[in-house]
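In our numbering, the protein residues as written are 2 to 534.
Backbone N, C-alpha and C fix where the C-beta goes; we use that ideal spot for every residue, glycine too.
Read through the structure below, which is laid out as structure tokens, and then see the notes.
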Amino acid sequence: MKKYIFLILWSTVVLLTGCNNGDEGLLDNDSDFQEPVYQLIITATDDYLPIGFTMQMQVEALRSDNTVIEIRDTSTLKWSSSDESVAVVNEFGVITAKGEGPVTITATGMYKDETYSDTAYILITNSEINTIIVTPDNANIPAGFSQQFKAVATFTDGTKNIDITNNKNLTWSVSEGSQFVEIDENGRAVAISTGSGTITATGKFSAKIIVTNVTISINTVTIIELIVTPKDAAISAGLSVQFKAEVIFSDDSTPLNVTEDRHITWSVTKGKEFAKIDKKGHVTGIRTGDAIITATGEFYNDTTIRNVNLHVNDAEVTGLVVTPTDGVVLVKSTLQFNAKATYSDGSSSTDVTESSDVTWSVSAGSSFVEIDDNGLATSFEEGNATITATGNINGRVVDDSVSLDIFPRLLAPIIPAARDKIIEPSELFSSIGLMIQVRGWQPALKANDEIEVHVYTDGCGSAGSACTPVDDFVFCTFDGSSDTTQSTVNACMSVEETSPLANKKETAIHFYYIINGDPNIASEITDTLLETI
2 MKKYIFLILW STVVLLTGCN NGDEGLLDND SDFQEPVYQL IITATDDYLP
52 IGFTMQMQVE ALRSDNTVIE IRDTSTLKWS SSDESVAVVN EFGVITAKGE
102 GPVTITATGM YKDETYSDTA YILITNSEIN TIIVTPDNAN IPAGFSQQFK
152 AVATFTDGTK NIDITNNKNL TWSVSEGSQF VEIDENGRAV AISTGSGTIT
202 ATGKFSAKII VTNVTISINT VTIIELIVTP KDAAISAGLS VQFKAEVIFS
252 DDSTPLNVTE DRHITWSVTK GKEFAKIDKK GHVTGIRTGD AIITATGEFY
302 NDTTIRNVNL HVNDAEVTGL VVTPTDGVVL VKSTLQFNAK ATYSDGSSST
352 DVTESSDVTW SVSAGSSFVE IDDNGLATSF EEGNATITAT GNINGRVVDD
402 SVSLDIFPRL LAPIIPAARD KIIEPSELFS SIGLMIQVRG WQPALKANDE
452 IEVHVYTDGC GSAGSACTPV DDFVFCTFDG SSDTTQSTVN ACMSVEETSP
502 LANKKETAIH FYYIINGDPN IASEITDTLL ETI
């Protein structure tokens, strides 16, 4: 995540005027420099970097009209390191950490015979990798489509996790099922045919080798529809907006995001003078007018075209609004934040969550949570954090901050077997993603006993009689070996965020169990046997 480092301790902005060392202007050829440059700003994406890792420096120029532009071609600058035994920097501003200690990285550029320079302070640590986390850990995609995997390194000293998806020391491979799926060096897997496979990420850092495996399943389905959102977007000139393409399948599975998939081609089919779009669906307004954005999908030898509208206006961005304003998440869970830009003319706001003009950061509580470039927060420990979105839009800097509370996961609810147990909404929320346990009485649960699980809403009669279940019943088998009067089944039923139960926040839920299909056991219900969680 990008952070401006203006404190003297971390980064010093130096402006040298009237100096000409004989070099040709390094910035003169950049067409963005319509106004005289006032100062140069380089930014480290993080304040520290472990030995063996790399980091791309980011460069911007502050112009005399107080607007800020990004210098995309960093090779036009001269880069140097204060101590190359600690870190080296190449001609493109990529730092490689070599030894422990502090280091200062300097970038120098010329514009109109003036020399501009800036420095950034970075601490190189000897943090040792603990684990490599790969997500998703159980992917399911149709044949012919792709899935981007992400690898994150955690460290033994508890320092901030680092995305190593594209790190040169990480190797992606298909360790099983290579006839069904293949994966490239950047972690993008392509499904070849129906089957399953194992994706392996192997990290070699110093003398340590860490291997993480995840699974992927490939199925054959029919595409029902291609959906592009937003259907009608409005942005101010110079602002950008991210369009998203999803496909709906015949098996009613979760829609698949194909925004950056090789099957999708993005284009501006009308109003090219008003907007431009890249291959990832990222649109930038050029000047006031209307345009049509087109997504063309080539799926299974069939072409599908979807058009959406874009209006570019001359309204100024006045602020950002981040939601949710008071986020709540469990430890080791994710929460999506969204940002919208508001305008001076009071027109409808624009979703800029994934815009390159917006930077997401954890401004407080970074030891509890991290957030990616698209506003997705991942929690690690119990605590409180502040999430900030900062927009640099048409040279105007706007931001908004919201709070995030991270709560611990509670123990899974323990339900008496063949009994009706009420779970309050708060208990249900706290057990999302955890296994519900079943405890047996008279007769006690025995190994290989089959447990039939029914779920009902509040207001049902005893044992859920005459009620309609809100979730299909499921079978599971007692995996224990004890036949004592209080046996416990672990890993019986999982309440996930996608379950109908997860939406029942306003009413209690009844869990009802039948052992080995015997309804007589189920009739033995007394209040005294209801377990208090």
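Query raised in the report: So the beta strand (DSSP E) A235 belongs to, where does it begin and stop?
Result: If you look at A235, you'll find it in the beta strand (DSSP E) that goes 233 to 237.
Report task. Grab the span of the beta strand (DSSP E) containing N162 for me, first residue to last. Result -> DSSP places N162 outside any beta strand (DSSP E), giving it a letter other than H or E.
Query raised in the report: According to DSSP, is S76 helix, strand or coil?
Result: Shown here, S76 sits in a helix according to DSSP, grouped into three states.
Query raised in the report: Using 8 angstroms as the threshold, is the stretch 181 to 198 in touch with the stretch 107 to 119, meaning 3 or more CB pairs across them?
Result: Output reads no: the stretch 107 to 119 does not touch the stretch 181 to 198.
Query raised in the report: Out of curiosity, what's the CA-to-CA distance linking E382 and E371?
Result: Those two C-alpha atoms are separated by around 11 angstroms.
Report task. Compare the beta carbon distance of S237 and A340 with 8 angstroms and say whether it is the shorter of the two. Result -> With respect to A340, S237 sits apart: the two C-beta atoms are not nearer than 8 angstroms.
Query - Close Cβ partners of I249 (< 6 angstroms) along its chain, the five nearest in sequence each way excluded - result: Contacts found: I225, E226, P256.
Query raised in the report: Is L331 closer than 8 angstroms to G392 when the C-beta atoms are compared?
Result: In this structure, L331 does not lie closer than 8 angstroms to G392 by Cβ.
Query - 7 angstroms CB neighbourhood of D262 in its chain, flanking five on each side removed - result: When the five nearest sequence neighbours on each side are left out, the beta carbons in the same chain lying within less than 7 angstroms of the beta carbon of D262 are those of F146, S147, in order along the chain.
Query raised in the report: Rounded C-beta distance between F150 and A190? I'm assuming under 8 angstroms.
Result: Correct: roughly 6 angstroms between the Cβ atoms.
Query raised in the report: Do you know whose CA, among Y117, P137, G53, lies nearest N127's CA?
Result: Closest option to N127, judged by alpha-carbon separation, among Y117, P137, G53: G53.
Query raised in the report: Skipping 5 residues on each side, what residues in its chain have a beta carbon closer than 7 angstroms to that of S83?
Result: Beyond the five residues adjoining it in sequence on each side, S83 comes within less than 7 angstroms, by CB distance, of V104, T105 in the same chain, given in chain order.
Query raised in the report: Say the cut is 7 angstroms; is the CB of L405 nearer than that to a heavy atom of the ligand ZN?
Result: Summarising the ligand content, the structure contains no ligands, and the ligand ZN is consequently not present.
Query - Exposure label - Y344; buried when at least 16 CB within 10 Å - result: It counts as buried.
Requested in this report: Please work out which residues of its chain come closer than 6 angstroms, Cβ to Cβ, to F206, disregarding the five sequence neighbours upstream and downstream, and give them in chain order.
Outcome: In chain order, G53, I130, N170 place their CB closer than 6 angstroms to the CB of F206, counting only its own chain and leaving out the 5 sequence neighbours on each side.
**Report entry** Residue from V329, E247, P137 whose Cα sits closest to the Cα of T166
**Finding:** When the alpha-carbon of T166 is set against those of V329, E247, P137, the nearest one is in P137.
Requested in this report: Find out if the Cβ-Cβ distance for the pair E101, I125 is shorter than 8 angstroms.
Outcome: Their beta carbons are under 8 angstroms apart, which means E101 touches I125 by this criterion.
Query raised in the report: Is DSSP giving Q180 helix, strand or coil here?
Result: DSSP places Q180 in the coil class of the three-state scheme, outside both helix and strand.
Query raised in the report: T295 by DSSP, collapsed to three states: which one?
Result: DSSP places T295 within a strand segment (E or B) once states are collapsed to three.
Report task. Answer yes or no: do G282 and F338 have a C-beta to C-beta separation smaller than 8 angstroms? Result -> Using a Cβ distance threshold of 8 angstroms, G282 and F338 do not count as a contacting pair.
Query raised in the report: If you compare alpha carbons, which of A202, Y301, A296 is closest to R307?
Result: Checking every option, the nearest Cα to that of R307 belongs to A296.
Requested in this report: Look up I287 in the DSSP assignment and say whether it is helix, strand or coil.
Outcome: I287: coil per DSSP, three-state reduction.
Requested in this report: Flag this pair as yes or no: are the beta carbons of G298 and H264 separated by less than 8 angstroms?
Outcome: Contact check for G298 against H264 passes: the beta carbons are separated by less than 8 angstroms.
Report task. Would you list the one or two residues that DSSP bridges to N270? Result -> Sequence inspection shows Thr at residue 270; the Asn mentioned does not correspond to that position. In the DSSP output, where bridge partners are listed per residue, T270 has none listed.
**Report entry** Span of the beta strand (DSSP E) around A144
**Finding:** Where A144 is concerned, there is no enclosing beta strand (DSSP E), given that its DSSP letter is neither H nor E.
Report task. Have a look at S380, V318, T223 and flag the residue whose alpha-carbon is nearest the alpha-carbon of A144. Result -> Answer by Cα proximity: T223.
Requested in this report: Give me the Cα-Cα distance between N91 and Q59, rounded to the nearest whole angstrom.
Outcome: Going from the Cα of N91 to the Cα of Q59 covers about 13 angstroms.
Query raised in the report: Looking only at its own chain, which residues have a Cβ that is under 6 angstroms from the Cβ of I163, when we skip the five neighbours before and after it?
Result: Hits under 6 angstroms: A154.
Report task. Report the three-state DSSP secondary structure of Q443 (helix, strand or coil). Result -> Summary for Q443: the model assigns pLDDT 36, below 50, so the residue's position carries little reliability; its value from the coordinates is reported in the next sentence. Look at Q443 here: in three-state DSSP terms it is coil, with no helix or strand label.
Query raised in the report: Roughly how many whole angstroms lie between the Cα atoms of V313 and I200?
Result: Spanning the alpha carbons of V313 and I200 requires a straight line of approximately 43 angstroms.
Query raised in the report: If you draw a straight line from the C-alpha of T97 to the C-alpha of T116, how long is it?
Result: Spanning the two alpha carbons is a distance of roughly 26 angstroms.
Query raised in the report: What are the boundary residues of the beta strand (DSSP E) that R189 is part of?
Result: Boundaries of the beta strand (DSSP E) around R189: 189 to 192.
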